[in-house]
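As C-alpha cells, the structure follows; a few thoughts come after it.
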Amino acid sequence: MANDAQTLSSAQVVWNGLFKENPIFGLMLGMCPTLAVTTTLQAALTMGGCVIFVLICSNLMISAMRRQLKPHLRILMFTLTIAVFVTIADQFLKAYQPEMSEYLGAYIPLIIVNCLIICRAEACASKQGLRISVIDGLAMGVGFTLSLSLLAGIREILASGKLLGMTVLPLAEDGGWFVPWAGMGFPVGAFVTLGLLLGLVVHLTRKAKG
Amino acid sequence: MHTIETLALGFLSIVVVNNFVFTKFLGICPYIGVSGRLDMAFGMGLAVTFVTTLSGSVTFLIDSFVLTPLGLEVTRYVCYILVIAGAVQLVEMYLRKFFPPLYESFGIFLPLITTNCVILGICLFLDQWQIANFLQAVTLSFGAGIGFTLAICIMAGIRENLILADVPPCLQGAPITLITAGLLTLAFMGFAGMIK
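If you want it as C-alpha cells, here you go:
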C-alpha cells in the first residue's frame with residue numbers, strides 16, 4: 017500500500033479513499049459483494065452503509081489496540097473485531113429493514129471476509145493514529161459505496177429500465193422503446209460490466225497521464 | 014440407497030449447477046489473484062477444499078450441538094471465524110512442514126485463505142439451507158471446495174493462453190479476466206435446471 021508509515025494529512029486520506037485508491041477501481045478489493053449485491057441500487061446502498069459502519073468502527077478499535085497486536089495473531093484479531101461489528105450491523109438490519117436483510121441474506125455476514133476491511137486494518141489502522149484511521153475508514157467506505165452505486169445503477173437501469181422504482185427508460189411492453197437486457201440481472205452482467213468499467217478507468221487514467 | 018442418491022445429487026449440484034464462484038460470487042479475490050498459473054491454482058484449490066470440508070463440518074456440529082441448544086445464535090459469526098482461522102492455521106503448519114516449496118510460493122495468500130468468502134459462505138449457506146444431516150453437510154462443504162478448485166483451474170488454464178492473445182492495452186490484466194469470468198458464467202448457466 018502506498019501510505020505505509022508516513023504521516024498523511026486528512027485531505028490526502030480522503031482523496032486517496034475516494035479516487036486515487038478507490039477500493040474497487042484502484043485497489044480491486046471487496047469484489048464479492050461488489051458483484052453480488054449490485055442488481056439493484058437500493059441493495060447496493062444498504063450494503064455500502066453497512067460497510068461504512070463496520071469499516072469506521074473496526075478501524076477505530078484496531079487503531080486503539082495497535083500497540084498490543086502480536087504479528088502472528090494479527091489477522092485473527094482483525095477478523096474477530098470485524099465479526100463483532102458485522103453482528104451488530106446484521107442484528108440492526110434484521111430489526112429495522114427485515115426485507116432488505118432477507119434480500120441480502122448471507123452477503124451481510126460475508127462482510128466479515130470482505131478483503132477491503134481487512135486490508136484497511138492492516139495497511140492503515142494498525143499503523144496510524146485514531147483520527148487518521150477514522151477518516152480513512154469513512155473515505156474508503158464512501159468510495160466503496162460510490163463505486164457500488166455506479167455499477168448497481170447501470171445494471172438496474174439496463175436490466176429493468178427502472179431506478180429505485182422510477183421508470184428511466186420506458187419499456188417496450190408498456191408502449192416505450194426499451195427492451196430490457198435480461199443478462200444484466202444475471203452473474204454475467206456483473207462480471208462484464210465491471211470488467212468494461214475497469215477498462216474504461218484504466219484508459220482514462222492513462223490518457224490523463226499522457 | 015436413497016441417502017446415496019441425495020448426497021450424489023447435492024454434490025453435483027454444488028459443484029456445477031450452483032458453483033459458488035459462478036453463481037454466488039464467492040471467492041472472487043483469489044479467483045482473480047491466484048489464477049495466473051495452473052499449478053498454483055490447483056494447490057490453492059486443494060488447500061481451500063481441505064479448509065471448507067473441515068470448517069463446514071465443524072461449524073455444523075458447533076451450530077447444532079452448542080449454539081442452537083444454548084440460544085447463542087448471536088455469536089455465530091464470531092465462532093465461525095474462529096473455527097476457520099484454526100483450520101487455516103493447521104493447513105499452514107502442515108504445508109510448511111511437508112511441502113516447503115509450495116508454502117514459499119503461496120506467500121501472503123495462504124493466511125488470506127481465512128478471508129476466502131467460499132469458506133465462510135459454505136458455513137452460512139449450510140445454516141440458511143437448513144441442512145439437518147451431518148453427512149449431507151460434509152458432502153456439501155467438500156463439494157463447495159471442489160467447485161472452487163474447478164473454477165480456479167479453468168480460469169488459470171484460460172489465462173495461461175491469454176498471455177499470447179492480443180488484448181487492447183486498456184483491458185489487460187484484471188478487466189479481461191473479469192470479462193472472461195463473465196463468459197464462463199454464461200457457459201455454466203447451461204447447467205441450470207439440470208437438477209431440480
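Residue numbers (our numbering), protein chains in the order written: chain A, 17 to 226; chain B, 14 to 209. Don't be surprised by glycine CBs; every beta carbon is placed ideally from N, CA and C. Nothing here was measured: the structure is a model prediction, and the numbers come from that model.
Asked, Found
"Closer than 9 Å to chain A by CB, residue 134 of chain B", "yes"
"Residue 177 of chain A versus A/196, A/167, A/163 and A/164, residue with shortest Cα-Cα distance", "A/196"
"Burial state of residue 123 of chain B (16 or more Cβ within 10 Å)", "buried"
"Cβ-based neighbour list, residue 79 of chain A, same chain, cut-off 6 Å, excluding 5 preceding and 5 following", "141, 146 and 149"
"Contacts around residue 53 of chain B, its chain only, beta-carbon distance under 8 Å, and the 5 residues preceding and following it disregarded", "47, 118, 119 and 169"
"Alpha-carbon to alpha-carbon, residue 58 of chain A and residue 27 of chain A", "29 Å"
"Counted within 10 angstroms of its Cβ, other Cβ atoms place residue 44 of chain A as buried (16 or more) or exposed", "buried"
"Alpha carbon of residue 19 of chain A to alpha carbon of residue 219 of chain A, nearest angstrom", "Low per-residue confidence applies at residue 19 of chain A: pLDDT is 44, beneath 50, and the placement is therefore not dependable enough to give any value."
"Residue environment, residue 21 of chain A, which counts as buried when at least 16 other CB atoms sit within 10 Å", "Unreliable positioning characterises residue 21 of chain A in this predicted model, as indicated by a pLDDT of 44, which lies under 50. The coordinate reading is nonetheless provided below. Exposed."
"Assumed close pair residue 135 of chain B, residue 65 of chain B - CB separation to whole angstroms, cut-off 8 Å", "5 Å"
"Residues of the region 111-132 of chain A whose Cβ lies closer than 7 Å to any Cβ of chain B, in chain order", "121, 122, 125, 126, 128, 129 and 131"
"C-alpha gap between residue 30 of chain B and residue 49 of chain A, whole angstroms", "20 Å"
"Cutoff 9 Å: residue 30 of chain A Cβ touching any chain B Cβ", "no"
"Same chain only: Cβ atoms within 6 Å of residue 190 of chain B, ignoring 5 sequence neighbours per side", "45"
"Residue range of the alpha helix (DSSP H) that includes residue 31 of chain A", "26-31"
"Integer Cβ distance of residue 127 of chain B from residue 157 of chain B, believed to fall under 8 Å", "Not confirmed; about 16 Å, so no contact."
"Same chain only: Cβ atoms within 7 Å of residue 86 of chain B, ignoring 5 sequence neighbours per side", "80"
"Touching by the beta-carbon criterion (3+ pairs, under 8 Å), the region 116-133 of chain A and the region 163-174 of chain A", "no"
"7 Å Cβ shell around residue 207 of chain B - same chain, five flanking residues per side excluded", "30"
"8 Å CB neighbourhood of residue 184 of chain A in its chain, flanking five on each side removed", "173, 177 and 178"
"CA-to-CA distance, residue 130 of chain A to residue 133 of chain B, given in whole angstroms", "11 Å"
"Inter-residue CB distance, residue 177 of chain B and residue 20 of chain B (contact presumed, cutoff 8 Å)", "That belief does not hold up - the Cβ atoms of residue 177 of chain B and residue 20 of chain B are roughly 42 Å apart, past 8 Å."
"Interface flag, residue 212 of chain B vs chain A, CB-CB below 9 Å", "Past the edges of chain B, shown from 14 to 209, lies residue 212 of chain B, and the structure says nothing about it."
"Within-9 Å CB hit, residue 111 of chain B to chain A", "no"
"Which listed residue (A/221, A/209 and A/215) has its alpha carbon closest to that of residue 51 of chain A", "A/209"
"Test: residue 183 of chain B CB closer than 9 Å to a CB of chain A", "yes"
"Which of helix, strand or coil DSSP assigns to residue 75 of chain B", "helix"
"Short CB-CB distance (under 9 Å) between residue 134 of chain A and chain B", "yes"
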